[in-house]
Structures are given as structure tokens and as C-alpha cells.
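Asker: In order, the protein sequences belong to chains A and B.
The numbering of the first sequence is the numbering used here, which starts it at 215 and goes up by one.
The numbering of the second sequence is the numbering used here, which starts it at -3 and goes up by one.
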Amino acid sequence: MLGDLIGLALSRLRTGKMRTALTMLGIIIGVASVVALVSVAQGATKGISDQLQSLGTNLITVSPGFTRTGATRGAIGSATTLTLDDASALSTLSDVQTVAPEITTSKLVIAGSENETASVIGTTPGYLSVFAYQVWVGTFLNQASVDHNLRVAVIGATTATNLDLTSSSIGSTIYIGGLPFQLVGILQSKGGTTTADDQVVIPISTAHELFIGSDSVSAIGLSATSQDAINTVSAEITTTLDQRHGITSTGTADFTIATQAQLLGTVSSVSDVLTLLLAGIASISLLVGGIGIMNIMLVSVRERTREIGIRKAIGARGRDILSQFLVEALALSLAGGIIGIGVGVVASFGIGTYAGWGFVFNPVTVVVAVGFSLIVGIVFGVWPASQAARLDPVVALRYE
Amino acid sequence: MSAAVGEPIIVLEDVSRVYDTGKVQVPALGGVNLEVANGEFLAIIGPSGSGKSTMMNILGCLDRPTSGRYVLDGQPVDELDDDGLALVRSRSIGFVFQSYNLLPRTSALDNVATPLMYQGVGRKERLRRSQATLERLGLADRLHHIPSELSGGQQQRVGIARALVTEPALILADEPTGNLDSHSGGEVLDLFTDLHALGRTIVLITHDIDVAAAADRAVHLRDGLLQEAVLA
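(1) Return no unless some Cβ of chain B is closer than 8 Å to the Cβ of A/E521.
(2) Just the Cα atoms here: how many angstroms apart are A/T229 and A/V484?
(3) How many Å lie between B/S86 and A/A530 at the Cα?
(4) Along the chain, where does the beta strand (DSSP E) containing A/L413 start, and where does it finish?
(5) Taking C-beta to C-beta, are B/C57 and B/V32 nearer than 8 Å?
(6) Could you tell me the boundaries of the beta strand (DSSP E) in which A/L393 lies?
(7) Taking the alpha carbon of A/G447 as the point to measure from, which residue in A/A472, A/E423, A/D468 has its own alpha carbon closest?
(8) Where does the unbroken alpha helix (DSSP H) through B/R119 begin, and where does it stop?
(9) Under the three-state reduction of DSSP, which class applies to A/T319: helix, strand or coil?
(10) Can you tell me whether B/G18 is buried or exposed, with buried defined as 16 or more other CB within 10 angstroms of its CB?
(11) Within 10 angstroms of its Cβ, does B/R218 collect 16 or more other Cβ (buried), or is it exposed?
(12) Using a Cβ-Cβ distance cut-off of 8 Å, determine whether A/V608 contacts chain B.
(13) Nearest to B/D206 by alpha carbon, out of B/I40, B/T110, B/L133?
(14) Please name the residues in the region 106 to 136 of chain B whose beta-carbon is closer than 8 Å to at least one beta-carbon of chain A, in chain order.
(15) Can you tell which of A/L298, A/G336, A/L379 has the C-alpha that lies nearest to the C-alpha of A/N329?
(16) Give the straight-line distance between the Cα atoms of A/V578 and A/S562, rounded to the nearest whole angstrom.
(17) Is the beta carbon of B/V199 closer than 8 Å to that of B/L222?
(18) Using Cβ-Cβ distances below 9 Å, what residues of the region 526 to 538 of chain A are close to chain B?
(19) May I have the straight-line CA-CA distance separating B/A193 from A/A545, to the nearest angstrom?
(20) Should A/R604 be labelled buried (16 or more other beta-carbon atoms within 10 Å of its own) or exposed?
(21) Using beta-carbon positions only, say whether A/Q311 and A/T439 come within less than 8 Å of one another.
(22) From A/G261 to A/S514, what distance separates their C-alpha atoms?
(23) Can the beta-carbon of A/L397 be found closer than 8 Å to that of A/W350?
(24) Closest to A/L377 by CA distance: which of A/I418, A/L322, A/G352 is it?
(25) With distance defined between alpha-carbon atoms, name the residue in A/G506, A/I507, A/I535, A/N509 nearest to A/R520.
(26) Since B/G64 is in the alpha helix (DSSP H), which residue starts that stretch and which ends it?
(27) Do B/Y66 and B/V14 have their CB atoms nearer than 8 Å?
(28) Apart from the five residues on each side of it in sequence, which residues of its chain come closer than 6 Å, Cβ to Cβ, to A/G197?
(29) For B/H216, write down the residues that DSSP places opposite it in a beta bridge.
(30) On the three-state DSSP scale, how would you describe A/V609?
(31) Using beta carbons (cut-off 8 Å, strictly below), is A/I507 in contact with chain B?
(32) I want to see whether chain B comes within less than 8 Å of A/L611, judged by CB atoms only; does it?
(33) So with Cβ pairs under 8 Å, would you call B/A82 a contact of chain A?
(34) Below 6 Å CB to CB, which residues in the same chain sit around B/V92 once its five sequence neighbours on both sides are set aside?
(35) Should A/G460 be labelled buried (16 or more other beta-carbon atoms within 10 Å of its own) or exposed?
(36) Report buried or exposed for A/Y341, applying the criterion of at least 16 other Cβ atoms within 10 angstroms of its Cβ.
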């Protein structure tokens, strides 16, 4: 019987191709936009998460606190409360693998005829592993270069491109803030659009001596032995620094601890809201498509009043008529849903490729979209179908 | 389950139908008594406004009497609900309409097979029985034509095939020749005579005394009341 009803519905939809296509268009647009927008939101999230992951997942960053001028609170990092001694104290903690204190400044960098104002980072050999960099060519800073304030520099991939430096440039001289440095290495690109590839790395001792004039640090990067140890390590860092800085009450700490996990958490909760929002907007078009189906079904019931009367006269019960019209509405919405998924997948593939985060295909979205279009079919098909089922055969047979 | 030949297939006892239009009560049938025996060919003759349509609706289980008893094929049907009436129509009644009432854009074969679908008969069996019935009525070469491709006489024969295919206890024909020329109309009436000869119970409702002459008994319906008529 169900097979017969499906056959009836399909032949009915075939006889009015234009009307069928236009009715389905509403559902197609609705489902396609749900699929595409959710996929875009997830693609964007994945893009951001990938970049964060590339910074190192075991990473903990300690920044100095804020300055206070009277009642006015300065920005995080505006104070210069962290020192090299703090960094060496933290390196003795049990679950800390590597510590990399850093001091950041901005200098004009000249190589041959090219120049750019780059971010100059003074740090230690640990920087490489803490921030998950890899050397593309040459070497990274070694302990000797830090111990002896050597004027050596390692540059990021973007900086290398900007300054027209290649693997053959290793050993050449570049000028940082007007002072000559020997180029010893170029880092591999991390990809993405982060500024992580546009920097010049020099020994922290050299930076202190030539550019800063004190032994303050602008941040201390640490890598924990594992991702699970991050919370333990954060607590240990707090205790150690509280002790060293003489901090006794909470809320007055002169430093801030940020972990990659926190950042990832923030990103994913923001993206969840974004996904919901986009899906919600797309659902509105699905709703409009559903109303289109209801409209066409109501017209159809009116047009086919006599047919309904005939069917009832030759033995159809109310529920036979109800299922016939319901199956028709479902066929409309399901066919629209399936075409919509196709369109949505193609659209999200196009957008993902264009935006550079690739194609994120989530089967859950497809299941939800199909389920949603079926629900739309039922919700907006039931009323017209029950109108049809309730028709009095005597009246319906006489209908012209 | 059909009654033996000669046993009554239709029993109407004091059946009335009053239409309630809100302000006035309009009586269409006022206390009708009728018995139709199994295998009988009865004509109900009545001018327009005599309650013919109401009679047809009640006999066809499309409508319920306001009062009185109606027993069809041994089953009281006057108090059945909508689904119950649909089941009686499906099993016991075959309709033949004045305007054929075939499903448009549907082949003759599928039109005839539709009542069997509502009986839950499988598709293969449906098509086999429908084809056999259409062939019996001389429409073997018209199986896949849609109604608009058929002449009036052919459409009415498809309609009769649809009424016959379920082998109902009662064939109820409402002015079956009303839309046909005299030649096609004569053929349709001959068909009813043949079916009657094969033992089918037929009730034919018409305003035309010449059409009624095909039956072996006739009753007049006047102002919602029945009286026996003498056939020429």
C-alpha cells in the first residue's frame, strides 16, 4: 500500500513538473543554506583551531600583569614585572619540559637592498620546541650564543621572503636596528595567516644588552610535559611566582597565565554560537519552503476535490486519503532536501576552497538536514492532507 | 458471504433523510420501505427533485439515514462510522456514475485497479483482475488509454469495469446513460442486462422510463416516497 502511495505521489509530481520544481525550490534553498552555512562555520572554526594547534598544544604563556596609575588599570603586559630569574625558577618545576623567556621589540631590519620593520624577539634555544617551530635551513640559536651575547639571528619564513633571503643567504650579514648580525637560520613556515612567521629571533642576552637595557622579559613561554599536566603546571607556576613576587591575596597578582587549552575552548564556544546562529538563519528559509509546500498542497486538495470524492466512493477511507497527500508532501520535501544537500555540499566545497580552510563535510549536518526537511513535509503536509481526508464524499463527488 | 438468490440484499425500513440547513428542516426522503432481492435488476424512477440523489447516497453508503434501518447484504449499515461505511463501499458496492467519474490522467487499467488497491490486493493481482475485467467488456485494446483518449461509451464501460472488478454484492448505477448518445446508451443498458443474466444485483436510478424498461422491476420515487411502478 505504501509502495502504491509512493508510486501515486511520484506520478502526480511528474505530471506537474514546473509546479513541483518551484515548490521544491523553497526546500532546496533552505536545506542548501543550512548545509553550506554550518559547513562554513565549521570550516572557519577548524581553520582557527589548526592555527592555534600549530602554536603548540602544551603551551603555557606567562605574561606580566598590568600597571596601575591611581585607580586606572593598564593593559595586561603593561608592567615589566617578570624577569630572567623568574624564568629560571620556573624551569625547575617538575612537569615543565622547556622554558623560553622572551623579550619583544620592534626594529628596522635591513638585508642587502631590502628592509622591513620586524618584530624582534630575544629568547633562548628552548623557544624552538616551546612554540613548535622547525628550522628550515641553517641552525637555531644555541646556548653558547645566549651565554656570550652573540650577534646571530634566525628569521621566520615570511620575513625571509620579504627580505629576499634564501638558503644561500645563511652566513650573510643583516642589520637589526642598524647593528650587524650574522644570519644563522631560517624557520619553516607554520602556514595559515598568523604573524608567527614574520619575526627575527636573536639571543635574549644580546637583545637585553643592545636594545632593552634591563633584564625584564615580556613573556615566558613554557611547554608542559603533556597536555594533561597543563593544569598542574599552571597551579605550580602561580604558587612559585606568588612566592617570588610576595603576593599574598588573590586578585593582586602581577602576572597572567594563559594556556592554549583555554584559547581553544574559547574559540570552540564562540564557533558553537556562530554555527547555531547561521543554522538558525538558514532554518528560516527552510520554514518558508515548508509554507510553500503547504500552500501548494492546499491548492492541490481543492483542485482534486472530485478525485477525492471518487476515491472515497470506491472504498478509500479517510486515512487512505490522508496518507496519499502526506506521502506526496513528504516526497516533495524529501526530494527537495536531497537536491538541497547536493547544492549545499557543492557550495561549501567552493567556499572552503576559496577561503583556504578546505572542505569540511559533516555527515551529521546531512542527517539533520534530511530529518528537518522530512519534518517540514509532515508538519506542513498534515493540515492539507487532513482537509482532504475529512471531505464529505457526497459533497466532493458533486464538486465541479 | 452474499445472500442466496432470492434472499433480500437490500432492506430499507422506514428510512428518512432530513437535511438540516440551520433554519429549516428539509425532508428529502420520508419513510421509505424497500426490499431488493439478490440477483434482481431494479430501476428507481424519479424526476429531478424527487429525492433520487439522496436515495442513491443512502443506498451507496455515502450518507446515513436520519432515521430508519438499512441492512445491506445482511449487515446493518445505518449506524456505521465513516471508516465502516468506507469498508462497506469497498467490499459490497460498485458505483456507476452518470459522468463516469474516472480518475483523470490515469490509465483505464489503473482506474479499474484502484478499488482493489483500497482492498489491499497486491499490485500484480490487481492488474491481472483489472485486465481480465476490461477484456470481458471489450476494452482489451484500450488498457493504457487515459479517460480523455476514450469515447463516452468507452469511458462508461471502464466505469462499469471498475464497479465489477471487486465483485460487489450490489451494483449501483446513477443515470449511467445520461451523458451518452442513444446508441452508446443502448450498449451500456445491454451490458447491464447481460450482467443481470449472470446473476448480479443491479439498482439503476434514472428519470427516464425507457431506460428503466431494461430492469425487471421498477419503483417510482415521488416527493421522497416510493411506490411500485408498472413497466411497459
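From the three backbone atoms N, C-alpha and C, an ideal C-beta is built for every residue, glycine too.
Remember, it's a predicted structure, so these values are computed and weren't measured experimentally.
Answerer: Let me spell this out:
(1) As a position in the first sequence, residue 521 of chain A is number 307, starting the count at 1. For A/E521, the answer is yes, since a Cβ of chain B falls inside 8 Å of its Cβ.
(2) Position 15 of the first sequence, counted from the start, is the residue given in the question as residue 229 of chain A. Position 270 of the first sequence, counted from the start, is the residue given in the question as residue 484 of chain A. Straight-line Cα distance between these residues: approximately 48 Å.
(3) One-based indexing of the second sequence puts residue 86 of chain B at position 90. One-based indexing of the first sequence puts residue 530 of chain A at position 316. Approximately 7 Å, taken between the alpha carbons.
(4) Taking the first sequence and counting its residues from 1, the one referred to as residue 413 of chain A is at position 199. It should be pointed out that residue 413 of chain A corresponds to Gln in this sequence rather than to Leu. Its beta strand (DSSP E) spans residues 413 to 417.
(5) In the second sequence, the residue the question calls residue 57 of chain B occupies position 61. In the second sequence, the residue the question calls residue 32 of chain B occupies position 36. Contact: no.
(6) If you number the first sequence from 1, residue 393 of chain A lands on position 179. Per DSSP, A/L393 belongs to the beta strand (DSSP E) from 393 to 401.
(7) Working through the first sequence from its first residue, we reach residue 447 of chain A at position 233. The sequence shown places Val at residue 447 of chain A, not Gly. Of A/A472, A/E423, A/D468, the residue nearest in Cα terms is A/A472.
(8) Locating residue 119 of chain B in the second sequence gives position 123, where the first residue counts as 1. 119 to 132 is the extent of the alpha helix (DSSP H) around B/R119.
(9) Locating residue 319 of chain A in the first sequence gives position 105, counting from the first residue. A/T319: strand per DSSP, three-state reduction.
(10) Working through the second sequence from its first residue, we reach residue 18 of chain B at position 22. Exposed is the call here.
(11) By one-based count along the second sequence, residue 218 of chain B stands at place 222. Answer is exposed; the Cβ neighbour count stays below 16.
(12) In the first sequence, residue 608 of chain A corresponds to position 394, counting from 1. Output row for A/V608: interface = yes.
(13) Here residue 206 of chain B is taken as the residue at index 210 of the second sequence, counted from 1. Minimum Cα distance to B/D206 is reached at B/I40.
(14) Considering only beta carbons, the part of the region 106 to 136 of chain B lying closer than 8 Å to chain A consists of T110, P111, M113, Y114, Q115, G116, R119, in chain order.
(15) The residue labelled residue 329 of chain A in the question sits at position 115 within the first sequence. Checked all of A/L298, A/G336, A/L379; the closest Cα to A/N329 is A/L379.
(16) As a working note, residue 578 of chain A is residue 364 in the first sequence. As a working note, residue 562 of chain A is residue 348 in the first sequence. Using only the alpha carbons, I get a separation of about 15 Å.
(17) The residue you call residue 222 of chain B lines up with position 226 of the second sequence. The residue you call residue 199 of chain B lines up with position 203 of the second sequence. Against a cut-off of 8 Å, the Cβ pair of B/V199 and B/L222 comes out as no contact.
(18) K526, A527, I528, G529, A530, R531, G532, R533, D534
(19) If you number the second sequence from 1, residue 193 of chain B lands on position 197. If you number the first sequence from 1, residue 545 of chain A lands on position 331. Taking the straight line joining both Cα atoms gives about 47 Å.
(20) Within the first sequence, numbered from 1, the residue matching residue 604 of chain A stands at position 390. Around the C-beta of A/R604, fewer than 16 other C-beta atoms lie within 10 Å, and the residue is accordingly described as exposed.
(21) As a position in the first sequence, residue 311 of chain A is number 97, starting the count at 1. As a position in the first sequence, residue 439 of chain A is number 225, starting the count at 1. Taking 8 Å as the Cβ cut-off, A/Q311 and A/T439 qualify as a contacting pair.
(22) As a position in the first sequence, residue 261 of chain A is number 47, starting the count at 1. As a position in the first sequence, residue 514 of chain A is number 300, starting the count at 1. If you take the alpha carbons of A/G261 and A/S514, they lie about 48 Å apart.
(23) The residue labelled residue 397 of chain A in the question sits at position 183 within the first sequence. The residue labelled residue 350 of chain A in the question sits at position 136 within the first sequence. Not in contact: A/L397 and A/W350 (Cβ atoms no closer than 8 Å).
(24) By 1-based counting over the first sequence, the position of residue 377 of chain A is 163. Taking A/L377 as reference, the option from A/I418, A/L322, A/G352 with the minimal CA-CA separation is A/L322.
(25) Within the first sequence, the letter at position 306 stands for residue 520 of chain A. If you compare the alpha carbons of A/G506, A/I507, A/I535, A/N509 with that of A/R520, the shortest gap goes to A/I535.
(26) As a position in the second sequence, residue 64 of chain B is number 68, starting the count at 1. B/G64 -> not in any alpha helix (DSSP H); beta strand (DSSP E) instead, spanning 63 to 68.
(27) Taking the first residue of the second sequence as 1, we reach residue 66 of chain B at position 70. Taking the first residue of the second sequence as 1, we reach residue 14 of chain B at position 18. By the CB criterion at 8 Å, B/Y66 and B/V14 fall outside the cutoff.
(28) Here chain A covers residues 215 to 614 and nothing more, so residue 197 of chain A does not appear.
(29) One-based indexing of the second sequence puts residue 216 of chain B at position 220. Answer is B/I41, B/Q223.
(30) In the first sequence, counting from the first residue as 1, residue 609 of chain A sits at position 395. The answer is helix: DSSP assigns A/V609 an H, G or I state.
(31) As a position in the first sequence, residue 507 of chain A is number 293, starting the count at 1. No, no contact with chain B.
(32) Sequence index remark: in the first sequence, residue 611 of chain A carries index 397 (1-based). Yes, contact with chain B.
(33) Residue numbering aside, residue 82 of chain B sits at position 86 when the second sequence is read from its first letter. At least one chain A Cβ lies under 8 Å of B/A82.
(34) By one-based count along the second sequence, residue 92 of chain B stands at place 96. G155, I156, A159, A169, P172.
(35) Here the question's residue 460 of chain A lines up with position 246 in the first sequence. Counting Cβ neighbours within 10 Å, A/G460 comes out exposed, since fewer than 16 surround it.
(36) Locating residue 341 of chain A in the first sequence gives position 127, where the first residue counts as 1. Result: buried.
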